Amino acid sequence: MALDAGGDRPIELHLDSPDGALGAIFVLIDTADTLRSALRLLCRGQIGGPAIGVVTAADHCAAVPHARFHLSQPTARFAGTPEEIAAQSRQQQELLWKLYGRLARRTGRPAEEIAEDTRRGRYLDAREALDYGLIDEITAAR
2 MALDAGGDRP IELHLDSPDG ALGAIFVLID TADTLRSALR LLCRGQIGGP AIGVVTAADH
62 CAAVPHARFH LSQPTARFAG TPEEIAAQSR QQQELLWKLY GRLARRTGRP AEEIAEDTRR
122 GRYLDAREAL DYGLIDEITA AR
């Protein structure tokens with residue numbers, strides 16, 4: 002947020018995260034959605050699981066040529082009474098479908114297709130991610 006207050010220059014975020022907690026990713030997405038400055042995302046290494054959702058918050062998303070993207074479902078652990086576990090599971094599914102919806106808007110693909118790709122654990126290289134609609138360009142590493 003301090004970078005956002007510093008003017009109207011774009012904020013550049015470099016991302017290399019092979020996984021992440023679904024709730025934590027939405028904290029990052031919600032924060033990015035409140036920025037006044039443009040958010041430029043550069044994907045490096047491997048981006049997967051819920052972390053792939055960060056691309057939905059970026060105004061422009063690039064990847065280095067050897068970046069890998071893994072569409073996969075998050076793991077979740079629940080504790081409590083059967084009713085509490087059922088409620089936690091429902092909440093997890095709701096968040097997951099919100100993520101699918103955001104990815105669908107980003108890629109122009111149906112949320113059901115994204116859900117199926119994550120269920121299968123689909124991997125994409127940078128070119129495939131560009132064709133899929135996850136990123137806007139492939140750029141040289143800096």
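Reading the sequence shown from the start, the letters are residues 2 to 143 in our numbering.
Heads up, the beta-carbon is just placed ideally off N, CA and C, and yes, glycines get one too.
Given the structure is predicted, the values throughout are model-derived calculations rather than measurements.
In angstroms with no decimal places, state the Cα-to-Cα distance between residue i and residue j.
i           : j          : result
residue 43  : residue 13 : 7 Å
residue 109 : residue 61 : 15 Å
residue 6   : residue 83 : Because residue 6 carries a pLDDT of 49, less than 50, the predicted location of this residue cannot be relied on, and the following value inherits that uncertainty. The alpha-carbon atoms of residue 6 and residue 83 are separated by roughly 46 Å.
residue 2   : residue 53 : In this prediction, residue 2 scores a pLDDT of 46, lower than 50, which makes its location untrustworthy; no coordinate-derived value is stated.
residue 133 : residue 45 : 17 Å
residue 10  : residue 17 : 23 Å
residue 80  : residue 24 : 16 Å
residue 37  : residue 19 : 28 Å
residue 15  : residue 85 : 37 Å
residue 113 : residue 94 : 13 Å
Under a Cβ-count criterion, where at least 16 other Cβ atoms within 10 Å of its own Cβ denotes burial, should residue i be classed as buried or exposed?
i           : result
residue 50  : buried
residue 130 : buried
residue 55  : buried
residue 90  : exposed
residue 47  : buried
Give the single residue among the options whose Cα lies nearest to the Cα of residue i.
i           : options          : result
residue 31  : 117, 58, 15      : 58
residue 66  : 15, 76, 127, 89  : 127
residue 1   : 138, 139, 121    : As shown, the chain starts at 2 and ends at 143. That puts residue 1 outside it, with no answer to give.
residue 98  : 88, 119, 123     : 119
residue 22  : 34, 77, 107, 15  : 77
residue 141 : 20, 102, 107, 68 : 68
residue 100 : 88, 87, 75, 123  : 75
residue 116 : 102, 125, 124    : 102
Give the C-beta separation of residue i and residue j to the nearest angstrom, bearing in mind that I take them to be a contact with Cβ-Cβ under 8 Å.
i           : j           : result
residue 139 : residue 63  : 7 Å
residue 27  : residue 104 : With 8 Å as the limit, residue 27 and residue 104 do not qualify as a contact, their Cβ atoms being about 13 Å apart.
residue 135 : residue 106 : Not quite, the Cβ-Cβ distance comes to about 12 Å (not below 8 Å), so this is no contact.
Which runs of the alpha helix (DSSP H) fall wholly inside the region 85-132 and span at least 4 residues, in chain order?
112-121
Which complete beta strand (DSSP E) runs does the region 5-31 hold, if anything under 3 residues is left out?
12-18
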